[in-house]
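K.L.:
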Amino acid sequence: MTDSAITLRKSSKWGDMWASICANKAALTSLIFILALVLTAVVIAISQALGFQILPYDPNVGDMDKAFIAPCAEHWFGTDQLGRDIFSRVLDGTKISLSVGVAAVSIALISGTLLGAIGGFFGGRLDNLIMRAMDVILSVPSILLAITFMAAMGRGLDKAVLAIGLVSIPEYARIARSCVMAVKANDYIQAARVTGDSNLRIILKHIVPNITSPIVVRATLGISSAVLDTAALGFLGLGVQPPFAEWGDMLARSRSFIFSAPYTLIFPGLAITITVLAFNLFGDGLRDALDPRSRRR
Amino acid sequence: MLLYFIKRLLMLIPVLFFVSVLVFLIMRVFSPDPATIVLGQHTTLEKAAAWREAMGLNEPIVVQYLDYMYNVLHGDFGVSYFTNTPVTTELLSRLPATIELSVIAIIIASVVGVFFGIISAVKKNSIIDNFTMTTALIGVSMPVFWLGMLLIILFSGYLHLVPSGGRIDTLMRPYGGTGFYFYDTLMAGDYEAFFNALQHAALPAVTLAGYSMAIITRMTRSSMLDVLHQDYIRTARAKGLSAKSVIFKHAFRNALLPVITVIGLQFGSLLSGAVLTETVFAWPGIGAYSVQCILRSDFPVIQGVVLIVAFVFVIMNLLVDLLYAALDPRVKYAQESA
Numbered sequence: 014m015t016d017s018a019i020t021l022r023k024s025s026k027w028g029d030m031w032a033s034i035c036a037n038k039a040a041l042t043s044l045i046f047i048l049a050l051v052l053t054a055v056v057i058a059i060s061q062a063l064g065f066q067i068l069p070y071d072p073n074v075g076d077m078d079k080a081f082i083a084p085c086a087e088h089w090f091g092t093d094q095l096g097r098d099i100f101s102r103v104l105d106g107t108k109i110s111l112s113v114g115v116a117a118v119s120i121a122l123i124s125g126t127l128l129g130a131i132g133g134f135f136g137g138r139l140d141n142l143i144m145r146a147m148d149v150i151l152s153v154p155s156i157l158l159a160i161t162f163m164a165a166m167g168r169g170l171d172k173a174v175l176a177i178g179l180v181s182i183p184e185y186a187r188i189a190r191s192c193v194m195a196v197k198a199n200d201y202i203q204a205a206r207v208t209g210d211s212n213l214r215i216i217l218k219h220i221v222p223n224i225t226s227p228i229v230v231r232a233t234l235g236i237s238s239a240v241l242d243t244a245a246l247g248f249l250g251l252g253v254q255p256p257f258a259e260w261g262d263m264l265a266r267s268r269s270f271i272f273s274a275p276y277t278l279i280f281p282g283l284a285i286t287i288t289v290l291a292f293n294l295f296g297d298g299l300r301d302a303l304d305p306r307s308r309r310r
Numbered sequence: 028m029l030l031y032f033i034k035r036l037l038m039l040i041p042v043l044f045f046v047s048v049l050v051f052l053i054m055r056v057f058s059p060d061p062a063t064i065v066l067g068q069h070t071t072l073e074k075a076a077a078w079r080e081a082m083g084l085n086e087p088i089v090v091q092y093l094d095y096m097y098n099v100l101h102g103d104f105g106v107s108y109f110t111n112t113p114v115t116t117e118l119l120s121r122l123p124a125t126i127e128l129s130v131i132a133i134i135i136a137s138v139v140g141v142f143f144g145i146i147s148a149v150k151k152n153s154i155i156d157n158f159t160m161t162t163a164l165i166g167v168s169m170p171v172f173w174l175g176m177l178l179i180i181l182f183s184g185y186l187h188l189v190p191s192g193g194r195i196d197t198l199m200r201p202y203g204g205t206g207f208y209f210y211d212t213l214m215a216g217d218y219e220a221f222f223n224a225l226q227h228a229a230l231p232a233v234t235l236a237g238y239s240m241a242i243i244t245r246m247t248r249s250s251m252l253d254v255l256h257q258d259y260i261r262t263a264r265a266k267g268l269s270a271k272s273v274i275f276k277h278a279f280r281n282a283l284l285p286v287i288t289v290i291g292l293q294f295g296s297l298l299s300g301a302v303l304t305e306t307v308f309a310w311p312g313i314g315a316y317s318v319q320c321i322l323r324s325d326f327p328v329i330q331g332v333v334l335i336v337a338f339v340f341v342i343m344n345l346l347v348d349l350l351y352a353a354l355d356p357r358v359k360y361a362q363e364s365a
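Take a look at the structure:
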């Protein structure tokens, strides 16, 4: 009986959430946009892996005779200094931005949640040690710390993922810790302990399900900042190495032609902004859906 | 209050100590051998070994760290691998440019952000509110460097209103002085140069302010809305006070606390935003310089920059906390009541 009661409540929670998101037009539009973006990235990645080009032009191969063509019917977003089609490059860039965003957030989410949960659950010295370590990371502005990592480790996309992921660990650790401490005080945890559940079982069965929503919200918003950070590292020349298309890197390279060919930097920048905006709006919607208290406004 | 201040100041020491360890370890553990970077890949093994010996890199890492920190505490951040000038000199000559830019930016961000935040809250769901909130949302989603480039295209490219880079026209550069051009030019009574510096600073300052402005607007609005729902606001309205008096005397003063926190925290993060903004506008500050150093693996300089920025960041956070105590009589710290 209790089982069915729990399932009923669970399904209604997710149902509520879904209804709330559907009612929020901005969040729903963002979700659809994000799904379209993911689909684009996956289709492009699969087609390239299978060896055929689904994009109108090869994003990495240019034709010097066609350099700096302003946007036209043939090249929707124009061509860059090497005669590469910007539309194809912007689409190809979704692959890198999304995968870096998701990978970096995964690193931060898994290690941060684990550290925070351990600290919050066991408390004492271990907790103190973990949280002071997080304070140290937080006392350096994140993008600067990421740049420092990159400076030491060298350039490259894999290192960018690692750097962005590492610097955002404390955010998740803090959220997880405070949630765990709040959940831990509940009677049902005491009850589980009394019935002889092991710590691991209590964490997995009772605590983790109760701390997912704030972390999911944080992760959604985290992807938006990871996309921004990736672009920033790319812009500084620390991220992806040529010829691959990455939005921040495209912006850096079009800087020299800012007055002669402004269209070369309009579209990659728009791509970053709209993607980040979509994750922000969806994250806000998700928070409102999962936390009814914040819905008032 | 004084006791609390001293205690907080002492608590900074371990944080700064571990930051220095962290940065030191990142630079020494993750990084490849600096000898090949500095001397080039075609150097001989003997030369590389001699260079490492001269740089003290053959000592145990603890000794290296202690040496480094001893020097740092004496104001010596080492010597740049590439220019051979002391890092302290390099940083001090560029620090005024960054501080000047950040201060102008935080003033713009606070004034504009608080102003629009209040209007949005008071005129909730109006056209102004929707417009402001949409702009703020786009503001937090836009890469700083892209915003900068768009402003350059518009204001330097099309309208020719302001220059697209640099701090002042070379011929007008004030000699000597503090390195703060606004101060130096005003003190010299050179208003033409002052105006020129102002023109140069306009775009970078607005660019750097953009993100913080958006955050401050959102925070002010939400904090004002919280307060406007309180009973004492209804009471104030009911007893017939003017709308202006209710908004500024009763609501805003109470909504100010979280806004101040955000402004303080934003000032800290401006220093890292400066890395990107300075690069876009060729602003000769610490940010643009540290990017150059990173691209050529000039580790001593990077280490110095991160330490200084972390120091400023931590101090800013402390100041925000103290301001909290000063502004809100309800905030009492344990030490005082004890």
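Keeping their order, the protein sequence lines are chains A and B.
Residues 14 to 310, numbered by this note's numbering, are exactly what the first sequence covers, in order.
Residues 28 to 365, numbered by this note's numbering, are exactly what the second sequence covers, in order.
Think of the CB as a built atom: it goes at the ideal place given N, C-alpha and C, for glycine as much as any other residue.
#1: When you check each C-beta in the stretch 157 to 179 of chain B against every C-beta of chain A, which residues fall closer than 8 Å?
#2: Say whether chain A places a C-beta atom closer than 9 Å to the C-beta of residue 84/B.
#3: Please report whether the beta-carbon of residue 18/A lies at a distance below 9 Å from any beta-carbon of chain B.
#4: What does DSSP give as the partner residues of residue 355/B in its beta bridges?
#5: Please list the residues of the stretch 285 to 302 of chain A that have a C-beta atom closer than 7 Å to any C-beta atom in chain B, keeping them in chain order.
#6: In or out: residue 272/A buried (at least 16 other Cβ within 10 Å) or exposed?
#7: Please report the straight-line C-alpha distance between residue 290/A and residue 121/A, rounded to a whole angstrom.
#8: Does the stretch 162 to 178 of chain A touch the stretch 239 to 255 of chain A, meaning 3 or more C-beta pairs lie closer than 8 Å?
#9: Between residue 340/B and chain A, is any beta-carbon pair separated by less than 9 Å?
#10: DSSP state of residue 419/B, grouped into three classes?
#11: Residue 234/B versus chain A: which residues are under 9 Å apart at the beta carbon?
#12: Compare the beta carbon distance of residue 241/B and residue 145/B with 9 Å and say whether it is the shorter of the two.
#13: In the stretch 269 to 303 of chain B, which residues sit with their C-beta less than 7 Å from some C-beta in chain A, listed in chain order?
#14: In three-state DSSP terms, what is residue 141/B?
#15: Using the three-state DSSP reduction, which class does residue 38/A fall into: helix, strand or coil?
#16: Give me the chain B residues within the contact set of residue 245/A, using Cβ-Cβ distance strictly less than 9 Å, ordered along the chain.
#17: With a cut-off of 8 Å on the beta carbons, I'd call residue 201/B and residue 304/B a contact; round off their distance for me.
#18: Cβ of residue 337/A within 9 Å of Cβ of residue 267/A?
#19: By the DSSP assignment, the alpha helix (DSSP H) with residue 171/B in it spans what residues?
#20: Against chain B, which members of the stretch 132 to 165 of chain A pass a CB distance test of less than 8 Å?
#21: Classify residue 341/B as helix, strand or coil using the three-state DSSP reduction.
#22: Taking only the alpha-carbon atoms, compute the straight-line gap between residue 284/A and residue 329/B and give it to the nearest angstrom.
#23: Give the range of the alpha helix (DSSP H) segment to which residue 172/A is assigned.
#24: Out of 134/B, 194/B, 49/B and 286/B, point me to the one whose CA is closest to residue 92/B's CA.
#25: For residue 278/A, would you say it is in contact with chain B, using Cβ-to-Cβ distances shorter than 9 Å as the test?
#26: Using a Cβ-Cβ distance under 9 Å, would residue 114/B count as near chain A?
#27: Can you check whether the CB of residue 140/B is closer than 9 Å to the CB of residue 274/B?
#28: If you run the structure through DSSP and keep just helix, strand and coil, what is residue 298/A?
#29: Given that residue 324/B touches chain A, what residues does it touch there, using C-beta distances under 9 Å?
#30: Taking CB distances under 9 Å as the criterion, tell me whether residue 250/A reaches chain B.
P.N.:
With the structure as the only source:
#1: 164, 165, 167, 168, 169, 170, 171, 172, 173, 176, 177 and 179
#2: One-based indexing of the second sequence puts residue 84/B at position 57. No, residue 84/B lies away from the interface with chain A (no Cβ there is under 9 Å from its Cβ).
#3: As a working note, residue 18/A is residue 5 in the first sequence. Any reading at residue 18/A needs caution, since the residue's pLDDT is 49, under 50, leaving its predicted position unreliable; the model's value is listed next. Not one chain B Cβ lies under 9 Å of residue 18/A.
#4: Working through the second sequence from its first residue, we reach residue 355/B at position 328. Looking at the DSSP assignment, residue 355/B forms no beta bridge with any residue, so it has no partner.
#5: 285, 286, 289, 290 and 293
#6: Taking the first residue of the first sequence as position 1, residue 272/A is located at position 259. So residue 272/A ends up on the exposed side.
#7: For the purposes of this step, residue 290/A is taken as the residue at position 277 of the first sequence. For the purposes of this step, residue 121/A is taken as the residue at position 108 of the first sequence. So the alpha carbons of these two residues sit roughly 21 Å apart.
#8: yes
#9: Taking the second sequence and counting its residues from 1, one reaches residue 340/B at position 313. Interface residue, yes.
#10: Residue 419/B is absent from the structure shown; chain B starts at 28 and stops at 365.
#11: One-based indexing of the second sequence puts residue 234/B at position 207. Going along chain A, no residue has its Cβ under 9 Å from residue 234/B, so there is no contact; the nearest lies around 13 Å.
#12: By 1-based counting over the second sequence, the position of residue 241/B is 214. By 1-based counting over the second sequence, the position of residue 145/B is 118. Taking 9 Å as the Cβ cut-off, residue 241/B and residue 145/B do not qualify as a contacting pair.
#13: 295, 296, 298, 299, 302 and 303
#14: In the second sequence, the residue the question calls residue 141/B occupies position 114. Note: residue 141/B maps to helix in three-state DSSP.
#15: Taking the first residue of the first sequence as 1, we reach residue 38/A at position 25. If DSSP states are grouped into helix, strand and coil, residue 38/A belongs with the helices.
#16: Here residue 245/A refers to the residue found at position 232 when the first sequence is read from its first residue. The answer, in chain order, is 170, 171, 172, 302 and 303.
#17: Along the second sequence, read from residue 1 onward, the residue named residue 201/B stands at position 174. Along the second sequence, read from residue 1 onward, the residue named residue 304/B stands at position 277. Not confirmed; about 23 Å, so no contact.
#18: The structure shown does not extend to residue 337/A, since chain A spans only 14 to 310, so no value can be given for it.
#19: Within the second sequence, residue 171/B is the residue found at index 144, counting from 1. Element bounds for residue 171/B: 171 to 178.
#20: 145, 146, 148, 149, 150, 152, 153, 154, 155, 156, 157, 158, 160, 161, 162, 163, 164 and 165
#21: Residue numbering aside, residue 341/B sits at position 314 when the second sequence is read from its first letter. Three-state result, residue 341/B: helix.
#22: The residue labelled residue 284/A in the question sits at position 271 within the first sequence. The residue labelled residue 329/B in the question sits at position 302 within the second sequence. The straight-line gap from Cα to Cα measures roughly 31 Å.
#23: Translated into positions along the first sequence, residue 172/A becomes position 159. Counting along the chain, the alpha helix (DSSP H) containing residue 172/A begins and ends at 170 to 180.
#24: One-based indexing of the second sequence puts residue 92/B at position 65. Looking at the Cα atoms, 49/B is the closest of the given residues.
#25: On the first sequence, position 265 is the one that residue 278/A refers to. Output row for residue 278/A: interface = yes.
#26: Counting from 1 along the second sequence, the entry for residue 114/B is found at position 87. No, its Cβ sits nowhere closer than 9 Å to a Cβ of chain A.
#27: For the purposes of this step, residue 274/B is taken as the residue at position 247 of the second sequence. For the purposes of this step, residue 140/B is taken as the residue at position 113 of the second sequence. Going by C-beta atoms, residue 274/B is not nearer than 9 Å to residue 140/B.
#28: Within the first sequence, the letter at position 285 stands for residue 298/A. Of the three classes helix, strand and coil, the one that applies to residue 298/A here is helix, per DSSP.
#29: Along the second sequence, read from residue 1 onward, the residue named residue 324/B stands at position 297. The answer, in chain order, is 164, 165 and 167.
#30: Within the first sequence, residue 250/A is the residue found at index 237, counting from 1. Chain B contact via Cβ: present.
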